[in-house]
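There are 2 protein chains.
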Amino acid sequence: MTLRLLLLSNSTEHGKGYLDHAMPAVLDFLGPVRQLLFVPFALRDRDAYTARVRSRFAKEGIDVRGVRPEGSEAAVVEAAEALFVGGGNTFRLLDTLQRTGLLEALRRRARRGVPYLGASAGTNVAAPTIKTTNDMPIVQPASFAALDLVPFQINPHYVDPDPSSRHMGETREERLREFLEDNDAVVVALREGAWLRVEGRRATLGGSRGARIFRRGRDPEEVSPGAALDALLTD
Amino acid sequence: MTLRLLLLSNSTEHGKGYLDHAMPAVLDFLGPVRQLLFVPFALRDRDAYTARVRSRFAKEGIDVRGVRPEGSEAAVVEAAEALFVGGGNTFRLLDTLQRTGLLEALRRRARRGVPYLGASAGTNVAAPTIKTTNDMPIVQPASFAALDLVPFQINPHYVDPDPSSRHMGETREERLREFLEDNDAVVVALREGAWLRVEGRRATLGGSRGARIFRRGRDPEEVSPGAALDALLTD
Chain V
37 MTLRLLLLSN
47 STEHGKGYLD
57 HAMPAVLDFL
67 GPVRQLLFVP
77 FALRDRDAYT
87 ARVRSRFAKE
97 GIDVRGVRPE
107 GSEAAVVEAA
117 EALFVGGGNT
127 FRLLDTLQRT
137 GLLEALRRRA
147 RRGVPYLGAS
157 AGTNVAAPTI
167 KTTNDMPIVQ
177 PASFAALDLV
187 PFQINPHYVD
197 PDPSSRHMGE
207 TREERLREFL
217 EDNDAVVVAL
227 REGAWLRVEG
237 RRATLGGSRG
247 ARIFRRGRDP
257 EEVSPGAALD
267 ALLTD
Chain F
37 MTLRLLLLSN
47 STEHGKGYLD
57 HAMPAVLDFL
67 GPVRQLLFVP
77 FALRDRDAYT
87 ARVRSRFAKE
97 GIDVRGVRPE
107 GSEAAVVEAA
117 EALFVGGGNT
127 FRLLDTLQRT
137 GLLEALRRRA
147 RRGVPYLGAS
157 AGTNVAAPTI
167 KTTNDMPIVQ
177 PASFAALDLV
187 PFQINPHYVD
197 PDPSSRHMGE
207 TREERLREFL
217 EDNDAVVVAL
227 REGAWLRVEG
237 RRATLGGSRG
247 ARIFRRGRDP
257 EEVSPGAALD
267 ALLTD
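Read top to bottom, the protein sequences are chains V and F.
Residues in the first sequence are numbered from 37 upward in steps of one, following the numbering used here.
Residues in the second sequence are numbered from 37 upward in steps of one, following the numbering used here.
The structure is reproduced here in structure tokens:
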């Protein structure tokens, strides 16, 4: 009954192979798990995506099975030893989870303590809503409501403002401030290389490069790798 | 009854004042117009936004009135000489237009030939949907369906891939390719400094730096300033 989450900002670090930068933390999190149920809905070619993930985890002696986008797969989710929701487009991912009813199945299992590994879009959907995704809204989900496994929003792939940029589109910080104008919620912005591990009532920032926490009416708070963020779970 | 649109990628160019880079084109487009109805819904502080736009157009001898987010303002839209929908957050803008019913009022007037000036989010909503916005989905509109004044999607603030970047989030090109995987539509991606002018059945690319046109199953097409894009209106 203890919530167990590992939420990665990104699945790949520049110059490294898929999941390589986070694999020690992933293996530590999974512990004795030898079977991972993979949700490939954020990319269009689900079979190729599943094959890539299977081949990466085969190196670690972990078997991967992909979920198909069908309501009948709820039984597969129900029986899973551990869950991995991969990155890609957050709107496509959430839309598919909603249409198939697998959103409820995943939420139920994760809340019962089945280990939940997320990367990028898979991390976005662990929050109450997808309102802090960076992705393009290429499909319209019935609702922005997501898995709601943690009581705060997450912004993966966080990038600091670049003072040398001549581009006039909003910086990430400006976008998150706009979010706070319309929503009174906490946002954990994970830089690439960072992740959040939740074990019951404990939350720890892992990886490199740290995170920033945005709250309405306050300056963003810088958080370093290794920091305990337990208070965010009860905010 | 002739459609008249001026759709700017961005309202401000790096190092210049608000609308300065495009003002000659805006004035040429507006011609004898001396009263502009401004839609400030994409920013939270609508009064400050309207004041900024009013002060900029006062220099050109054009009077600006801001629309309030109320259904009763449909009569104001109905009487407008010309329309300007400003930039900010596209989701907030569309949500407000839908809730107030002003989306229909704007669509009706623009389709009857009332000049429509859009910038950034105001350009996004001129397309059939907002599925190619870059903005964060900070509020959930009832539908992604927008003004549908042109038969193609628009991506403003288009940025070319940066080969020196170490950031692993999707490039804009990757995002638009993902859009085309799920939607069979044409996307006109306007670099900052570029704009699209539509006069009835004629569409012309204006400004500097050009545009790229994305279509499913084809390589993106580079388009230079001054190019005629009439064919896109009948695609």
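Even for Gly, the Cβ is constructed at its ideal location relative to N, Cα and C.
Rounded straight-line distance, which links the Cα of residue j to that of residue i
i, j, result
"Gly149/V", "Arg88/F", "53 Å"
"Ser47/V", "Asn160/V", "13 Å"
"Leu55/V", "Arg92/V", "8 Å"
"Ala263/F", "Arg211/F", "25 Å"
"Arg143/F", "Ser201/V", "36 Å"
"Asp218/F", "Leu153/V", "26 Å"
"Gly123/F", "Leu43/F", "11 Å"
"Met204/F", "Gly158/V", "15 Å"
"Leu41/V", "Glu228/F", "40 Å"
"Val121/F", "Leu232/V", "40 Å"
"Ser156/F", "Glu117/V", "46 Å"
"Thr86/V", "Arg147/V", "24 Å"
"Leu216/F", "Arg252/F", "5 Å"
"Ala115/V", "Gln134/V", "20 Å"
"Ala239/V", "Leu226/V", "14 Å"
"Glu235/V", "Pro199/V", "38 Å"
"Asn125/F", "Thr132/F", "11 Å"
"Ser244/F", "His57/F", "10 Å"
"Leu138/F", "Gln176/F", "17 Å"
"Met59/F", "Ile98/F", "12 Å"
"Asp196/F", "Ala247/F", "10 Å"
"Phe250/V", "Asn191/V", "10 Å"
"Val62/V", "Leu129/F", "41 Å"
"Tyr194/V", "Glu206/V", "13 Å"
"Thr168/F", "Pro187/F", "13 Å"
"Val224/V", "Arg237/F", "48 Å"
"Asp266/V", "Asp64/V", "20 Å"
"Leu39/F", "Pro151/F", "8 Å"
"Arg145/V", "Thr270/F", "50 Å"
"Asp171/V", "Asp81/F", "25 Å"
"Glu140/V", "Ser179/V", "13 Å"
"Glu214/F", "Gln189/F", "14 Å"
Delimiting residues of the beta strand (DSSP E) encompassing residue i
i, result
"Phe250/F", "247-250"
Identity of the residues DSSP links to residue i by a beta bridge
i, result
"Arg40/F", "Glu235/F"
"Asn191/F", "Ala225/F"
"Phe74/F", "Gly102/F, Phe120/F"
"Val259/V", "Ala247/V"
"Leu241/F", "Leu232/F"
"Leu282/F", "Given a span of 37 to 271 for chain F in the structure shown, any question on residue 282/F remains unanswerable."
"Ala264/V", "Thr240/V"
"Thr165/V", "Ala181/V"
First and last residue of the uninterrupted alpha helix (DSSP H) at residue i
i, result
"Val89/V", "82-94"
"Met59/F", "59-66"
"Asn46/F", "Asn46/F -> no alpha helix (DSSP H), and no H or E assigned at all."
"Gly158/F", "157-160"
"Leu55/V", "No alpha helix (DSSP H) contains Leu55/V, which DSSP labels as neither H nor E."
Contact set between residue i and chain C, taken where Cβ atoms lie within less than 9 Å
i, result
"Lys167/F", "The question asks about chain C, but that chain is absent: this structure's protein chains are V and F."
Heavy atom of the ligand SAM within 8 Å of residue i beta-carbon
i, result
"Arg143/F", "No copy of the ligand SAM appears in this structure; indeed no ligand is present at all."
Check: Which ranges does the beta strand (DSSP E) cover as unbroken runs of at least 3 residues, wholly within the region 193-224 of chain F, from first to last along the chain?
Finding: none
Notebook entry, point to check: Given 8 Å as the limit, is there contact between the region 182-191 of chain V and the region 163-170 of chain V, that is, 3 or more CB pairs closer than that?
Noted result: yes
Note to self: Restricting to runs no shorter than 3 residues, where is the beta strand (DSSP E) found entirely within the region 115-151 of chain F?
What the structure shows: 119-121
Check: Can you find at least 3 beta carbon pairs, one from the region 65-76 of chain F and one from the region 95-113 of chain F, that sit closer than 8 Å?
Finding: yes
Check: Is it a yes or a no for the region 59-70 of chain F touching the region 252-266 of chain F, going by three-plus beta-carbon pairs under 8 Å?
Finding: no
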